[in-house]
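Reading through the structure tokens given below for one structure.
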Amino acid sequence: MYTFSNRLKIGSIILMAIGLLGIIGGFVMAPGTVEEAKAIVASHDDGHGGGHDAAASHDSGMEHGAAAEHDASHDEHLLSQLKNRPWAALYVAAFFFMMIALGVLAFYAIQRAAQAGWSPLLFRVMEGITAYLVPGGIIVFVILVLSVLHMNHLFIWMDPEVVAHDELLQGKSGYLNPTFFLIRAVIFLGGWIAYREYSRRLSLKQDESNDNSSFKLNFRISAAFLVFYLISESIMSWDWIMSVEPHWFSTLFGWYIFASMFVSGITVIAMVTIYLKSKGLLPDVNDSHIHDLAKFMFGISIFWTYLWFSQFMLIWYSNIPEEVTYYVTRIEDYNLPFFGMVAMNFLFPVLLLMNSDYKRINWFVVLTGIVILAGHYMDIFNAIMPSTVGNQWFIGIPEIGAILFFAGFFIFWVFRALTTAPLQPKRNPFIEESRHFHY
268 MYTFSNRLKI GSIILMAIGL LGIIGGFVMA PGTVEEAKAI VASHDDGHGG
318 GHDAAASHDS GMEHGAAAEH DASHDEHLLS QLKNRPWAAL YVAAFFFMMI
368 ALGVLAFYAI QRAAQAGWSP LLFRVMEGIT AYLVPGGIIV FVILVLSVLH
418 MNHLFIWMDP EVVAHDELLQ GKSGYLNPTF FLIRAVIFLG GWIAYREYSR
468 RLSLKQDESN DNSSFKLNFR ISAAFLVFYL ISESIMSWDW IMSVEPHWFS
518 TLFGWYIFAS MFVSGITVIA MVTIYLKSKG LLPDVNDSHI HDLAKFMFGI
568 SIFWTYLWFS QFMLIWYSNI PEEVTYYVTR IEDYNLPFFG MVAMNFLFPV
618 LLLMNSDYKR INWFVVLTGI VILAGHYMDI FNAIMPSTVG NQWFIGIPEI
668 GAILFFAGFF IFWVFRALTT APLQPKRNPF IEESRHFHY
């Protein structure tokens, strides 16, 4: 039985404490008036392009009254963006760590449904990581509820005044309305958590059973869950991410977010497994298991890149204004995080894990994993921030605080969950095959 080390426990609590201070600081430092917003922008280097100068130059040629009205509208918009920033930072980090647990759950269900012989030794690790789906999902849901209650302006389609003057949003109001939005969220989170809890119960029951009935039932519910997952994950990505920019859509978006959460989840499985193995807690896990996880990290990184390029190239080349604006905004205002994300999510994994031998070197896999996780955080950052804070983005106290808080909370919850059952299944029918998995 794994024992949660005091060092890891204290470390995760310290991360949460520092992160919580950063989150609170982000909200405290958010401007409350237009004058405060102007002061914050003036104190920065204007490092996000020349949009303000261009606007000022344009205004100089206007009539005085029109210019004043334009300035007032711009200032209100600027205030809204800066007030959104701590909320957006919180939402990005909350969703990212919840997405890791959901990606692990999908990988776990696939292993169950495929009756894979190599992975049963890793099932307890996966079950420990997916335990975070409960608190992580609840936190994301609370943020969504607060958005519906107009505590923030992350989703502009939730603002009745905006919808009243927007025919496109009025046409989508049958789907994009707060009540139906929250109903869908409850169904998705309820389904994911219900499968996780039931599958975990069957997994533990199989260890004490004299037959394979629990294993067979777990196989059947995992196969059924994957159907629910594929549908719910796609709709979730439209609701929770794509709808922050409700005028834009992509038919690839569900798969794109799936690839991001899937590779992030597999990466965390590899990192947690390597840590536990280094402590002598998974003696039967060998380099072949790590090699297989690293192959998935390599392969799904290429799959993510294929989806990213397919989406980007088709929209960019067709140059349809209402579609290409999505990428124009990110290239102009988010140039470094946008293209840096591609390097971190594609070039680094390909170059570091292309060699088969490197997939068996634990520290090399961990190093690659850190880059992959940072890159996919930036992926979610690029999806949320442009629509919520515009060009007023920055990796500062709110963003770092949110990352530290949820990283600490994730570590604390996952490793606490790992203490509740033996790390190695006893009666899985494929456990011997997994023990002797060598190539």
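Note that our numbering gives residue 549 to position 282 of the sequence shown, counting from 1, and the numbers run on in steps of one. Heads up, the beta-carbon is just placed ideally off N, CA and C, and yes, glycines get one too. Since the model is a prediction, treat every value here as computed from it, not as a measurement.
1) Helix, strand or coil: how does DSSP classify Glu-733 here?
2) Helix, strand or coil: which one does DSSP assign to Asn-602?
3) Can you tell me the Cβ-Cβ gap for Leu-484 and Ala-452, rounded? I've got them flagged as a contact below 8 Å.
4) Beta carbon of Pro-353, beta carbon of Met-296: below 9 Å?
5) Excluding the 5 residues preceding and the 5 following Leu-287 in the sequence, name in chain order all residues of the same chain whose CB lies nearer than 8 Å to its CB.
6) Is it buried or exposed for Lys-350, if we count other Cβ within 10 angstroms and need 16 for buried?
7) For Thr-518, which of helix, strand or coil comes out of DSSP?
8) Take every Cβ of the stretch 597-608, pair it with every Cβ of the stretch 552-567, and state whether three or more of those distances are shorter than 8 Å.
9) Given that a residue counts as buried once 16 or more other Cβ atoms are within 10 Å of its Cβ, and exposed if not, what is Leu-435?
10) Does the contact criterion of 3 or more C-beta pairs under 8 Å hold for the stretch 390-403 versus the stretch 676-686?
11) Considering only the beta carbon of each residue, do Ile-569 and Val-638 sit closer than 9 Å?
12) Please confirm whether Pro-604 and Asn-658 have their CB atoms less than 9 Å apart.
13) Can you tell me whether Leu-421 is helix, strand or coil according to DSSP?
14) Given this structure, state the Cα-to-Cα distance separating Glu-303 from Glu-590, to the nearest angstrom.
15) What number of angstroms, rounded off, separates the C-alpha of Tyr-358 from the C-alpha of Glu-666?
16) So the candidates are Phe-606, Trp-575, Asp-559; which of them puts its Cα closest to the Cα of Met-621?
17) By Cβ distance, which residues of its chain are closer than 6 Å to Met-283, with the 5 residues on each side in sequence left out?
18) Could you check if Val-552 is buried or exposed, using at least 16 other CB atoms within 10 Å of its CB as the buried criterion?
19) Count the other CB atoms within 10 Å of the CB of Gly-441; is the residue buried (16 or more) or exposed (fewer)?
20) Specify whether the stretch 357-371 and the stretch 520-530 touch according to this definition: at least 3 beta carbon pairs, one from each stretch, less than 8 Å apart.
21) Which same chain residues end up closer than 6 Å to Glu-700 when comparing Cβ atoms and leaving out the 5 residues on each side of it in sequence?
22) Determine whether the beta carbon atoms of Ser-489 and Phe-455 lie at a separation below 9 Å.
23) Could you name the residues of the same chain whose beta carbon sits closer than 6 Å to that of Arg-391, not counting the 5 residues immediately before and after it, in chain order?
24) Measuring alpha carbon to alpha carbon, tell me which residue in Asp-342, Gly-278, Ile-291 is nearest Ala-309.
25) Going residue by residue through the stretch 589-664, where are the continuous alpha helix (DSSP H) segments of at least 4 residues, counting only ones entirely within it?
On the basis of the data shown:
1) The chain is shown from 268 up to 706; residue 733 falls before or after that span and cannot be answered.
2) As a working mapping, residue 602 is identified with position 335 in the sequence shown. In this structure, Asn-602 counts as helix in the three-state DSSP scheme.
3) Reading the sequence shown from its first residue, position 217 is the one you call residue 484. Reading the sequence shown from its first residue, position 185 is the one you call residue 452. The Cβ separation is near 28 Å, so there is no contact.
4) Locating residue 353 in the sequence shown gives position 86, where the first residue counts as 1. Locating residue 296 in the sequence shown gives position 29, where the first residue counts as 1. A distance below 9 Å separates the beta carbons of Pro-353 and Met-296.
5) Taking the first residue of the sequence shown as position 1, residue 287 is located at position 20. Answer for Leu-287: Gly-668, Phe-672, listed in chain order.
6) On the sequence shown, position 83 is the one that residue 350 refers to. Buried.
7) The count along the sequence shown starts at 1 and reaches residue 518 at position 251. Reduced to three states, the DSSP call for Thr-518 is coil.
8) In short, these stretches do not touch, since the Cβ pair count stays below three.
9) Taking the sequence shown and counting its residues from 1, one reaches residue 435 at position 168. Counting Cβ neighbours within 10 Å, Leu-435 comes out exposed, since fewer than 16 surround it.
10) By the C-beta criterion, the stretch 390-403 is judged to be in contact with the stretch 676-686, since at least 3 inter-stretch pairs fall below 8 Å.
11) The residue labelled residue 569 in the question sits at position 302 within the sequence shown. The residue labelled residue 638 in the question sits at position 371 within the sequence shown. Taking 9 Å as the Cβ cut-off, Ile-569 and Val-638 do not qualify as a contacting pair.
12) For the purposes of this step, residue 604 is taken as the residue at position 337 of the sequence shown. For the purposes of this step, residue 658 is taken as the residue at position 391 of the sequence shown. At a Cβ-Cβ threshold of 9 Å, Pro-604 and Asn-658 do not count as neighbours.
13) Taking the sequence shown and counting its residues from 1, the one referred to as residue 421 is at position 154. Of the three classes helix, strand and coil, the one that applies to Leu-421 here is coil, per DSSP.
14) Taking the first residue of the sequence shown as 1, we reach residue 303 at position 36. Taking the first residue of the sequence shown as 1, we reach residue 590 at position 323. Their Cα atoms are separated by approximately 34 Å.
15) Here residue 358 is taken as the residue at index 91 of the sequence shown, counted from 1. Here residue 666 is taken as the residue at index 399 of the sequence shown, counted from 1. Distance from the CA of Tyr-358 to the CA of Glu-666, rounded to the nearest whole angstrom, comes to 10 Å.
16) Counted from its first residue, the sequence shown places residue 621 at position 354. The residue among Phe-606, Trp-575, Asp-559 with its C-alpha nearest the C-alpha of Met-621 is Asp-559.
17) Counted from its first residue, the sequence shown places residue 283 at position 16. Residues Phe-672, Gly-675, Phe-676 of the same chain have their beta carbon placed closer than 6 Å to that of Met-283, with the five preceding and five following residues left out of the count.
18) Here residue 552 refers to the residue found at position 285 of the sequence shown. Using a 10 angstroms sphere on the CB of Val-552, the tally of other CB atoms reaches 16 or more, which defines it as buried.
19) Within the sequence shown, the letter at position 174 stands for residue 441. Per the 10 Å Cβ criterion, exposed.
20) Under the 8 Å Cβ criterion, the stretch 357-371 counts as touching the stretch 520-530, having at least three qualifying pairs.
21) On the sequence shown, position 433 is the one that residue 700 refers to. Closer than 6 Å at Cβ, skipping near neighbours: Gly-384.
22) By 1-based counting over the sequence shown, the position of residue 489 is 222. By 1-based counting over the sequence shown, the position of residue 455 is 188. No. Outside cutoff.
23) Translated into the one-based positions of the sequence shown, residue 391 becomes position 124. Leu-690, listed in sequence order.
24) Position 42 of the sequence shown, counting from 1, holds the residue named residue 309. Among Asp-342, Gly-278, Ile-291, the Cα nearest to that of Ala-309 belongs to Asp-342.
25) As far as the stretch 589-664 is concerned, its whole alpha helix (DSSP H) runs of at least 4 residues are 602-609, 615-620, 629-655.
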